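Count the sequence shown with the UniProt record's numbering and you get residues 1 to 817, in order. From the three backbone atoms N, C-alpha and C, an ideal C-beta is built for every residue, glycine too. Remember, predicted model here, so these are calculated numbers, not experimental data.
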Amino acid sequence: MAVQSTLRHAASEDILMVFIDKYKKLVKDRLQKTSRRAKLVATLALALSIVLGAEGSRRWWKRRRQEKEQGRKLVRTNSWLLGKDGSRTIYVPYKDGTSKVVIHRTKPLTFEAHRRLFLNPPKVSGLGDGTVPSAQTKPGLNLAFLHQFLSLMSIMIPRWTSKEAGLLVSHGVFLMLRTYLSLVVARLDGEIVRDLVAGNGRLFLWGIAKWCGLGGFAAYTNSMIKFLESKVSIAFRTRLTRYIHDLYLNDNLNYYKLSNSDGGIGQGADQFITQDLTLFCASAANLYSSLGKPFVDLCVFNYQLYRSLGPLALTGLLSNYFLTASILRRMSPPFGKLKAVEGRKEGDFRGLHARLIANAEEVAFYGGAEMEKTFLNREFKSLKNWMEGIYMLKIRYNILEDFILKYSWSAYGYLLSSLPVFLPAWGGLGGAMEMLEHAEKGGRERNRMKDFITNKRLMLSLADAGGRMMYSIKDLAELAGYTSRVYTLISTLHRVHADAYFPRASGNELYSLSDVQGTIQKGFDGVRLEHVPIVAPGLWPQGGEELLESLSLIVRRGEHLLISGPNGVGKSAIARVLAGLWPVYRGLVSRPKSIGEDGIMFLPQRPYLSIGTLRDQVIYPDGELDMRLKRKSEDDLKRALDAAKLGYLPDREGGWDTRKEWKDVLSGGEKQRVGIARLLYHEPQYAIIDEGTSAVSSDVEGLLYETCKEKGITLITISTRASLKKYHTFNLALGAGDNGDEWEFERIGTEREKLQVERELQDLRERLSQVEQWRQRRQEIEKELAQVWTEKNDVPLDPPPYVQNPEQDTDATTTEF
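Here it is in C-alpha cells:
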C-alpha cells in the first residue's frame with residue numbers, strides 16, 4: 001500500500017512538471033515568432049496602462065478625500081447638496097467618517113397612481129366601508145389582506161430593475177442553493193452510513209471529507225440567507241419610510257392635519273412609523289424565507305420521495321398536509337387582530353409617556369406626579385392584561401402545533417419509509433430494488449440502510465419544511481396585523497393629502513371635512529377674508545365648532561392689523577385658517593402664494609427651536625445651502641440678531657456652528673426674539689405674529705415692531721396688549737356681543753375709538769370715587785366681627801388672622817385694600 005501511494009504521488013508530480021514544461025515552451029515559441037515592433041508596442045501599451053491606472057487611482061483617491069471633507073462640512077452645518085433632478089445628497093456620520101445618501105423625492109404622479117390602491121380598496125364582507133379593516137375581520141384569510149399587502153409591495157418594489165428586486169433575486173438564488181444542498185446532504189448521509197456498515201474505511205473517510213467541505217459551503221449559504229433577509233428588510237423599510245415622509249411632510253401640512261383634523265390613526269403617526277413599520281418590514285422579509293423556501297422544499301423533496309417510495313407515499317404525504325393545515329387553521333387564534341390591538345395599546349402607552357415629557361414642567365408645578373403615575377399604570381395594566389391573554393392563547397396553540405408537526409409527522413414518516421421493505425410492490429424505486437432476487441443479501445441490506453437513511457433525512461427536511469409552512473400561518477396572521485396598521489397609516493395620509501372626504505350615506509354633520517365649500521386663493525398681494533366662518537374642526541367625521549360666524553376684512557401692504565380680544569374667542573384660529581391648518585368651510589381666503597421671502601410668514605405663539613447650530617435657529621426653515629442661494633451671509637445674520645437685541649448670542653454660545661439643545665439654553669424672551677430675528681432674515685411682505693412678543697418687555701417690544709415696519713413688513717398681530725395699538729393701522733376686536741361671537745373691524749385713532757376710550761375713563765373715575773365708601777364699610781364690618789368671637793362662657797377670643805385690629809394704623813388697611 002505504501003509503495004502504491006508513493007508511485008501515485010510520483011506520477012502526479014511527473015504530470016505537473018510535463019504541464020509546466022509544455023506551457024513554458026508555448027510561451028517561448030510565441031515570443032520568438034513575435035516581431036520587435038510588436039514587442040515594443042506591447043511594452044509601451046503595458047507601461048501606458050500602468051501609468052493611466054496609477055493616475056486614475058490617484059484621482060479617485062483625491063475625489064474620495066474631497067467628498068469625505070465635504071461630507072464632514074455638510075454634517076457640521078446641517079446642510080445638503082441639491083441635484084439637477086431635484087434630489088438631495090446628504091451626508092450622515094458613519095464610523096470615523098461620513099456616508100453619502102442620495103434622496104429622490106417621490107413624484108406626484110406616483111402618489112396619484114397609488115391613490116386608487118389606498119382610497120378605493122375592494123369591498124369585502126365584514127370590512128364596513130372598505131377603507132380600514134374592522135375589528136371583527138380575521139386578517140390573513142381574506143381579500144383585504146391580500147390587497148393591502150400587494151399595495152404596500154408596489155411601494156417597496158417599484159420596478160423590477162430596482163435594488164429591492166435584485167436583493168430578492170439574490171436571496172432566492174441562495175434559498176434554491178440551500179434546497180439543493182439539503183438533497184446532497186441527504187444522499188451523502190446515506191452513503192456514509194452504508195460505507196460504515198460495509199466496513200469500507202477508504203470510502204467512509206472520503207465521505208467524511210466531503211461532508212466537512214459541504215458543511216463549510218452550507219454554513220456560508222445559511223449566513224448569506226440571513227444577511228440578505230436583513231438587507232431586504234432594511235431596503236423595504238427605507239422605501240416605505242421615504243414614501244411616508246414625502247406624504248407626511250409637505251406643503252399640504254399633512255403632519256398637522258393627520259392628528260388634528262383627520263384623526264384616522266389616533267394620537268399621532270410616531271408609533272406607526274417607528275415601530276409598526278419596522279415590524280412589518282421584518283415580517284415581510286422573513287415571509288419570503290418562511291413561505292418561499294419551504295414551498296420549494298416541499299416540491300423538490302416530495303418529488304424525490306415519490307421516486308424513492310412510490311405514489312402511495314406521495315398520496316399519504318399530501319393528505320397529511322391538507323389534514324394538518326385544516327386542523328391548525330381551525331384551531332388557530334386570530335393572531336392578526338390580536339397583534340393589531342396590541343400595537344394600538346403600545347401606541348397609547350407610548351403616547352402617555354410622550355405627553356408627560358412634553359408637559360413635564362406644568363405637571364411639576366401642579367405636583368401631578370401621582371395622577372400621571374395612575375394614568376400610566378392603568379394604561380400599562382391594560383396592555384399587560386392583553387399581552388398575557390395572547391400568551392395564554394399561544395400556549396394552547398403551541399402544544400397542539402408542536403405535537404402535530406414534530407412527533408406525529410415523524411411517526412408518519414417512519415411508516416412511509418418502511419413501504420419499500422414491507423410493501424415493495426407499492427414502494428417505488430426502493431421497492432423495485434427489494435424485489436430483485438439476484439441481489440446479494442449483504443448488498444441488499446447495505447442499500448436498504450442507505451435508502452432508509454436518505455429517505456429519513458428527506459423526511460426530516462420535509463417535516464421541517466412543512467412545519468415552517470404551518471408555523472407561517474401564525475406568522476402570516478401577525479403580518480396581517482402589521483400590514484393593516486401600515487396600510488391604515490398610508491391610506492389616511494393619502495386621504496389627507498387629496499382631501500378625499502366624501503359624503504356618507506347617513507348624512508354629513510355641519511362643518512365636517514366633507515362639508516368644505518370655501519376657496520383659498522394664493523398669489524394675492526394682501527390678506528383678505530370674505531364671509532369666512534372661523535370654525536374649529538372636529539375629527540373626521542364629526543362636525544366643527546363655529547367660533548365666528550362670518551368674518552370679512554382686507555389688509556393691504558403697509559396697513560398693519562391688530563387682532564385683540566379676550567381668550568378663547570378665536571384670535572389664533574384666524575391665523576390657523578390663513579396658514580391653511582384649518583379648512584375654509586365657506587367664503588374666500590386670499591393670501592400671498594409663497595411662505596417666507598417676498599410672501600407671508602407666521603410666528604406661532606410658542607417659539608420653535610430646531611435641531612442644529614445657532615445659524616440654523618436664525619435661518620429656519622432654510623438650510624445653509626438655501627442661505628447661500630439667497631446670497632445671504634453671516635453678516636446678514638448678525639444684523640438680524642442685532643435688530644432683535646440678540647447680538648451677543650454668537651459670542652456667548654461659541655460661534656455660529658455651535659450645536660446645543662437650544663430650547664433649554666435660551667430664555668423665554670430670547671426664544672421669542674429669535675423668532676423676530678428669523679422674520680428679519682426672511683424679510684417677508686406680510687407677517688402674522690401670534691403673541692410672538694408676550695415674554696418681551698414693552699420697551700424692547702416697541703423697538704422690535706418699529707424695526708419690522710422699517711423693513712417694509714406688513715404686520716398682522718394677535719395680542720391682548722393695548723400698548724401695541726400705536727404700531728398698527730386697524731384693529732379687529734373679537735368677543736363682542738352677548739355670545740362673544742361678534743367682531744368689529746375699524747381703523748385705529750378714529751373719533752369713535754376716542755369716544756370709547758373716554759367712556760372707559762369715565763367708568764373708571766366713577767369706580768374710584770366709591771373707594772372711600774368701600775373702605776369705611778370694611779372697617780365697620782371688621783369692628784363687628786371682632787366682638788362676636790367668644791367661647792361658651794362669654795370669654796372673648798382672638799379674632800382670626802384675616803380680621804385686623806381696629807386700633808392698628810389705618811395705613812396698613814389702606815395698603816391691603
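When the alpha-carbon of R678 is set against those of M387, M627, S154 and T110, the nearest one is in M627. Burial state of N731 is buried, judged by a 10 Å Cβ sphere holding 16 or more other Cβ atoms.
Note that the C-beta distance between T729 and I713 is not below 8 Å. F602 has I688 as its beta-bridge partners, per DSSP. Straight across, the Cα-Cα distance linking Y243 with D598 is about 31 Å. Sorting S223, M156 and L629 by C-alpha distance to the C-alpha of S233 places M156 at the top. With 16 or more other Cβ atoms inside 10 Å of its own Cβ, R615 counts as buried. Secondary structure note for I676: it is in no beta strand (DSSP E), and the uninterrupted alpha helix (DSSP H) holding it is G668 to H682.
Only residues of its own chain outside the window of five on either side were considered, and among them R178, L181 and V185 have a CB closer than 8 Å to the CB of A218, listed in chain order. For A340, the number of other beta carbons within 10 angstroms of its own is at least 16, and it is reported as buried.
Closest option to G316, judged by alpha-carbon separation, among Y412, L400, Q617 and K381: Y412. If one requires a minimum length of 3 residues, no beta strand (DSSP E) run lies completely within the segment 239-302. When the five nearest sequence neighbours on each side are left out, the beta carbons in the same chain lying within less than 7 Å of the beta carbon of G570 are those of I534, L547, L548 and L734, in order along the chain. K381 and G481 have their alpha carbons spaced roughly 22 Å apart.
Taking every protein chain shown into account, the CB of R673 has 16 or more other CB atoms within 10 angstroms, so this residue is buried. Per the coordinates, the alpha-carbon of E346 lies some 45 Å from the alpha-carbon of G523. Contact check between the segment 647-657 and the segment 687-698: fewer than three CB pairs, one atom from each, fall below 8 Å, which does not count as touching. If you draw a straight line from the Cα of S698 to the Cα of Y705, it is about 11 Å long. Taking P566 as the centre and dropping the five residues before and after it, the same chain places the C-beta of G735 closer than 7 Å to its C-beta, in chain order. Residue environment analysis places P621 among the exposed positions, since fewer than 16 neighbouring C-beta atoms fall within 10 angstroms of its C-beta. Pairing D475 with S283 gives a Cβ-Cβ distance under 8 Å.
Here L119 is near H494, since their CB atoms are less than 8 Å apart.
Comparing alpha carbon positions, the residue from R330, K373, A364 and V363 closest to E401 is R330. P592 is a Cβ neighbour of D525, given a cutoff of 8 Å. In this model, S170 and K630 are separated by some 47 Å (Cα to Cα).
A distance below 8 Å separates the beta carbons of L680 and A640. By the 16-neighbour rule on beta-carbons within 10 angstroms, F236 is buried. DSSP places N377 in the uninterrupted alpha helix (DSSP H) bounded by A369 to D402.
The Cβ-Cβ distance between Q148 and T483 falls below 8 Å. By DSSP's assignment, N731 forms a beta bridge with L562 and E746.
In the structure shown, the three-state DSSP call for H494 is helix.
Excluding its 5 nearest sequence neighbours in each direction, R557 has C-beta neighbours in its own chain below 6 Å: T714, listed in chain order.
In this structure, the beta-carbon distance from V532 to V486 does not fall below 8 Å.
The closest CA to that of H497, considering only L249, G568 and R59, is found on L249. Taken in chain order, the whole beta strand (DSSP E) runs of length 3 or more contained in the segment 150-184 number zero.
DSSP places I574 inside the alpha helix (DSSP H), whose first and last residues are K571 to A579.
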